[in-house]
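Trainee:
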Amino acid sequence: MDWAVVVVQWLHMLFGIFWFGGALFGNFVLGPVLIKQPPDRMRELALLLGEQGDRVILPVATLTIVLGFLRGTVFGPVRSIEFLFGTAYGITWLVALLTAIGTLAWGSMTVRTMRRALLAGADITGSTGTALRNAGIELLGFAVILSCMVLMRFGL
Ligand code: HEM
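Here it is in structure tokens:
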């Protein structure tokens, strides 16, 4: 057994679960509670959650992507352009990589846009509703990434 691969995969899965789980928790637990709060409380909580979310999730998501990159290349079979574009595994890995970068950018933009709007005095209920809709779109990215992980597990 190659222990370096085991360690990279273990860390990759830990950070990936953290990132994806955080998005699910935000969408299905925090969001619905937040939107029912009185406006002042909602504004205060949204600002605090946005700040903390950015501080924690940004590095966690970046590490997931970097470790996934390494797991596929240095510790995996994606070692040439021919393999990347000429095999099902290579293409699936590339789709996962690009979708994850897009998902991270979208999530980060959603949080920052909401924060800016709130600091500029925008209507809190409207801003939270928009942020929750945008966060829902982020889940589509995770569905694609998760499918890629399952496909790669079976060599596709
Ligand atoms: C939300 C983000 C992600 C999550 C939750 C996640 C989760 C996982 C899990 C659970 C596995 C283990 C699959 C298994 O062995 O059954 C895995 C493997 C793997 N992941 Fe990810 N991953 C994510 C993002 C990425 C990204 C962005 C890349 C590519 C840059 C990537 C590349 C890989 C590779 C190459 C493997 C090994 C596949 C194999 O050959 O068996 N992952 N990931």
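The opening position of the sequence shown corresponds to residue 1007 in the working numbering, with each subsequent residue numbered one higher.
Cβ atoms here follow ideal geometry from the backbone N, Cα and C, with glycine treated the same way.
Since the structure is predicted, the reported quantities are computational estimates derived from the model, not experimental observations.
Report the option in Gly1161, Val1013, Val1012, Leu1040 whose CA atom is closest to the CA atom of Ile1097.
Mentor: Locating residue 1097 in the sequence shown gives position 91, where the first residue counts as 1. Comparing Cα positions, the closest option is Gly1161.
Trainee: For Thr1116, collect the residues of the same chain with a Cβ closer than 8 Å to its Cβ; drop the 5 residues on either side in sequence, then sort them by chain order.
Mentor: Taking the sequence shown and counting its residues from 1, one reaches residue 1116 at position 110. Excluding residues within five positions, the ones whose Cβ falls inside 8 Å are Ala1137, Asn1140, Ala1141, Glu1144.
Trainee: Only counting the same chain, and skipping five residues up and downstream in sequence, which positions put a Cβ closer than 6 Å to that of Ala1102?
Mentor: On the sequence shown, position 96 is the one that residue 1102 refers to. The answer, listed in chain order, is Ile1151, Cys1154.
Trainee: Assign Gly1135 to one of two classes, buried (16 or more other C-beta atoms within 10 Å of its C-beta) or exposed (fewer than that).
Mentor: Taking the sequence shown and counting its residues from 1, the one referred to as residue 1135 is at position 129. With fewer than 16 Cβ atoms within 10 Å of its Cβ, Gly1135 is classed as exposed.
Trainee: What do you reckon, is the C-beta of Gly1028 under 7 Å from a heavy atom of the ligand HEM?
Mentor: Residue mapping note: residue 1028 aligns to position 22 of the sequence shown, counting from 1. It does not: the Cβ of Gly1028 is nowhere closer than 7 Å to a heavy atom of the ligand HEM.
Trainee: In this structure, how does DSSP classify Pro1044 when only helix, strand and coil are distinguished?
Mentor: Position 38 of the sequence shown, counted from the start, is the residue given in the question as residue 1044. Correct three-state label for Pro1044: coil.
Trainee: With distances taken Cα to Cα, identify the nearest neighbour of Met993 among Val1156, Ala1149, Thr1109, Gly1127.
Mentor: Here the chain has residues from 1007 to 1162 only, and residue 993 is not among them.
Trainee: For a test of the three-state rule: what should DSSP assign to Phe1081, helix, strand or coil?
Mentor: Here residue 1081 refers to the residue found at position 75 of the sequence shown. Residue state, collapsed to three classes: coil.
Trainee: Do Trp1016 and Ala1067 have their CB atoms nearer than 8 Å?
Mentor: In the sequence shown, the residue the question calls residue 1016 occupies position 10. In the sequence shown, the residue the question calls residue 1067 occupies position 61. No.
Trainee: Taking all protein chains shown into account, do 16 or more other C-beta atoms lie within 10 angstroms of the C-beta of Arg1122, making it buried, or fewer, making it exposed?
Mentor: On the sequence shown, position 116 is the one that residue 1122 refers to. Around the beta carbon of Arg1122, fewer than 16 other beta carbons lie within 10 angstroms, which makes this residue exposed.
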